[in-house]
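Reminder that position 2 of the sequence shown reads as 2 in UniProt numbering, one-by-one numbering, no gaps. C-beta atoms are modelled at their ideal positions from N, C-alpha and C, and glycine is treated no differently. Shown next, in structure tokens, is the structure this report addresses.
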Amino acid sequence: MASALTEKLSRLVKQIRGQARITEANVQDMLREVRMALLEADVALPVVRDFIARVKDKALGQEVVGSLTPGQALVGIIHRELAATMGEGVADVNLATQPPAVILMAGLQGAGKTTTTAKLAKWLIERRRKKVLTVSGDVYRPAAIEQLRTVTRQAGAEWFPSSPDQKPLEIARAALDHARRHYFDVLIVDTAGRLAIDEAMMQEIRALHAELKPVETLFVVDAMQGQDAVNTARAFKEALPLTGIVLTKLDGDSRGGAALSVRAVTGAPIKFAGVSEKIDGLELFDAERHAGRILGMGDIVALVEQVTAGVDLQQAQKLAAKVKSGGFDLEDFLEQIRQMKKMGGLSSLLDKLPAQLAAKAGEADLDRAERDLRRKEGIICAMTPEERRHPEIIKASRKRRIAAGAGVQVQEVNRLLKEFEQMQAMMKKMKGGGLMKWMKRLGG
Ligand code: GDP
């Protein structure tokens, strides 16, 4: 999602990451920036205030204390709070009722109701193996009924006919009756929208709700609507007990803030995200992932957290001191490999990277790298402690013994020693910088 909010926050995140120490003053500064970014992205003011207060509480409290790099910890807090503001975990659709389960679609004209009705039908057929019927209650726009018929056919679901001379309630009753008689699992009811909130429309959808007793009442809203989305959401929430939100057009140049506000204003979970115009462009909404997208960095924050959580702080400081004094030896190299294993290995780290990066690394490369690491561990383990501390004493006969002990060729022992030498040289230059850089060296 290429949005203004994404850009602002990712720029900000880069700045924050560089901060070595978090003080009350720079937390204030950073949060002022975050607040501006959110407001500019059309997140509603009360939502922003609440969000900032929660982040501040955590930032000044326990959470950043003792963390390896407080700047990263703060980014982690922002990430978690963004996700929490938009929901918990991945939402799901509720069909737990005597079939047919009725899903009522509500929202303004142009929000994407009809498109989403068909996408949802397809999703339910494919992902939940359901028999799905759709019907349109939009008696004001014959074209809307026709549009639903077309997209329902594309979805492979069945369409129940309706016409402009019927009343919406009549249509609803007939469709429900048909769904019962023909053993449909789900009936999705598309409704009439207006360009703006309109009392007659609200009354109509309230009556439909009372008649159909839907198990899901989904409010469909265009993510590109910005502030207007908030007002619309509020009006629909007052008229109807919404059970979920569908955020459409997240693929577009959305300002991203709608997801934050709409959830906060309605209290209803965001269940689905529309991510393309196509019939299969619907996804279950994943708050965690969306927060990552807003921050513009995939799950890099989670990666950073995992790295910092897995590493023993004292151990890391000890290593940093050793590097500074030039005393980094194979014993420490071994310790690094073990730390990495403790964190779940390379593949678990790779899972957290943005898709493009992960794809670049590739499964095969990863397997090779993991195997390589294990072999290196084996070689170092075959050395005596003395040899680990002073690799320069390892001459030909010792190399042969080590290779035999580790079950590898002598060339591999040579390669490891050479790599280690280069690494030591590099570390001397780096003078204790970047844990991540060590990690990268280790994986290579
Ligand atoms: P309705 O008036 O609420 O029924 O809205 P429609 O379903 O007719 O959708 C309005 C427009 O938005 C159509 O051109 C759709 O193709 C488009 N649309 C709906 N959902 C999405 C989406 O998730 N992504 C994109 N790019 N376009 C969408």
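Alpha-carbon to alpha-carbon, residue j and residue i
i: residue 182; j: residue 114; result: 23 angstroms
i: residue 425; j: residue 337; result: 19 angstroms
i: residue 132; j: residue 185; result: 6 angstroms
i: residue 281; j: residue 247; result: 12 angstroms
i: residue 156; j: residue 195; result: 29 angstroms
i: residue 422; j: residue 333; result: 13 angstroms
i: residue 440; j: residue 410; result: A caution first: residue 440 carries a pLDDT of 46, below 50, which makes its placement in the model unreliable, though a value can still be read off. Distance between the alpha carbons of residue 440 and residue 410 is about 25 angstroms.
i: residue 37; j: residue 264; result: 18 angstroms
i: residue 162; j: residue 136; result: 7 angstroms
i: residue 178; j: residue 151; result: 20 angstroms
i: residue 294; j: residue 41; result: 11 angstroms
i: residue 385; j: residue 370; result: 24 angstroms
i: residue 251; j: residue 112; result: 13 angstroms
i: residue 91; j: residue 121; result: 17 angstroms
i: residue 29; j: residue 328; result: 38 angstroms
i: residue 102; j: residue 193; result: 19 angstroms
i: residue 306; j: residue 77; result: With a pLDDT of 46 at residue 306, under the threshold of 50, the predicted position of this residue should be treated as unreliable, though the coordinate-derived value follows. So the alpha carbons of these two residues sit roughly 13 angstroms apart.
Residue i CB to nearest heavy atom of the ligand GDP below 7 angstroms
i: residue 107; result: yes
i: residue 134; result: no
i: residue 276; result: yes
i: residue 251; result: yes
i: residue 225; result: no
i: residue 137; result: no
i: residue 111; result: yes
i: residue 193; result: yes
i: residue 115; result: yes
i: residue 147; result: yes
i: residue 405; result: no
i: residue 189; result: no
i: residue 408; result: no
i: residue 220; result: yes
i: residue 248; result: yes
Opening and closing residue of the alpha helix (DSSP H) in which residue i lies
i: residue 201; result: 199–212
i: residue 393; result: Taken as a continuous stretch (DSSP letters only), residue 393 belongs to no alpha helix (DSSP H), as it is neither H nor E.
i: residue 55; result: 45–60
First and last residue of the uninterrupted beta strand (DSSP E) at residue i
i: residue 136; result: 132–136
i: residue 217; result: 216–222
i: residue 152; result: Not the beta strand (DSSP E): residue 152 falls in the alpha helix (DSSP H), residues 142–155.
i: residue 387; result: No beta strand (DSSP E) holds residue 387; the alpha helix (DSSP H) holding it covers 385–389.
i: residue 160; result: 158–160
i: residue 103; result: 101–106
i: residue 169; result: Segment 168–181 is the alpha helix (DSSP H) holding residue 169; no beta strand (DSSP E) there.
Per DSSP, cross-strand counterpart(s) of residue i
i: residue 372; result: Bridge partners of residue 372: none, in fact.
i: residue 378; result: In the DSSP output, where bridge partners are listed per residue, residue 378 has none listed.
i: residue 329; result: Answer is none; residue 329 lacks a bridge partner.
i: residue 248; result: 222
i: residue 270; result: 245
i: residue 123; result: Partner(s): none; residue 123 has no beta bridge.
i: residue 283; result: 273
heavy atom of the ligand GTP below 7 angstroms from residue i C-beta
i: residue 281; result: The model depicted lacks the ligand GTP and carries the ligand GDP instead.
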